[in-house]
Every structure is written in structure tokens, then in C-alpha cells.
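S.K.:
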Amino acid sequence: MSMKIPEISAMVGDLLDDTTIPKNIRRALAEAKERLDGEDEDSVKISAAIYIIESITEDINMPSHARTQVWAIISALESLNEQGQND
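Residues 92 to 178 (this note's numbering) are what the sequence shown spells out, left to right.
#1: Short of 7 Å in beta carbon distance, which residues of its chain neighbour ALA140, apart from the five on each side in sequence? Order them along the chain.
#2: Starting from ASN115, follow the alpha helix (DSSP H) in both directions and report where the run begins and ends.
#3: Could you tell me if SER100 is buried or exposed, where buried requires 16 or more neighbouring beta carbons within 10 angstroms of its beta carbon?
#4: Once you ignore the five residues that flank MET92 on each side, which residues in its own chain have a CB closer than 6 Å to its CB?
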């Protein structure tokens with residue numbers, strides 16, 4: 092079963108609460124969470140969040156545990172996006 096947008100947004104929220112993650116990364120995650128929680132169409136929300144989150148994936152300051160979670164979030168978003176395109 093695939094995840095829904097609110098569940099993915101909660102995953103992003105968990106990362107926002109992690110103080111070991113640098114502020115610039117948390118700032119990008121906060122922006123992605125705002126997009127996911129916004130009023131746009133689901134496909135727009137998902138695409139915007141993927142774009143924002145992918146921009147931080149190669150940040151050398153990101154802790155390895157956070158990088159794993161970020162890739163899990165991107166994977167869930169891409170899966171949800173593909174599912175939406177197939178409907």
C-alpha cells in the first residue's frame with residue numbers, strides 16, 4: 092500500500108524536529124512540507140516537493156540518517172506521483 096500525502100508530510104515533519112540536521116536543510120524541508128500541505132492539485136504539490144527535496148540530497152552537511160530518510164520521502168513521493176498518473 093502506498094503512502095498518502097499527509098503521511099509523507101508527517102515524515103518531513105519528523106525531520107524538521109531533528110536538531111542534528113543543519114538549518115539550510117531544515118529550511119528546504121519546511122518549504123517542501125508547506126507545498127505538501129498547500130491547496131494546489133496533488134500532482135503539483137508532489138512535483139514541487141520532489142524538486143525542493145532533491146535540491147538538498149547532495150548536501151555534504153546532511154547526516155547519513157537524514158539522507159536515508161530524505162531518499163525514503165522522495166521514493167514515496169515519486170511512487171505517489173506515478174500512481175496519480177496511472178489513475
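In this text, a Cβ means the ideal position worked out from N, Cα and C, and glycines have one as well.
M.R.: Quick look at the numbers:
#1: Here residue 140 refers to the residue found at position 49 of the sequence shown. The answer, listed in chain order, is ALA123, ARG126, LEU127 and LEU168.
#2: Position 24 of the sequence shown, counting from 1, holds the residue named residue 115. 114 to 128 is the extent of the alpha helix (DSSP H) around ASN115.
#3: Start at 1 with the first residue of the sequence shown, and residue 100 comes out as number 9. Flag for SER100 reads buried.
#4: Along the sequence shown, read from residue 1 onward, the residue named residue 92 stands at position 1. Annotation note: pLDDT 38 at MET92 (below 50); position unreliable, no value reported.
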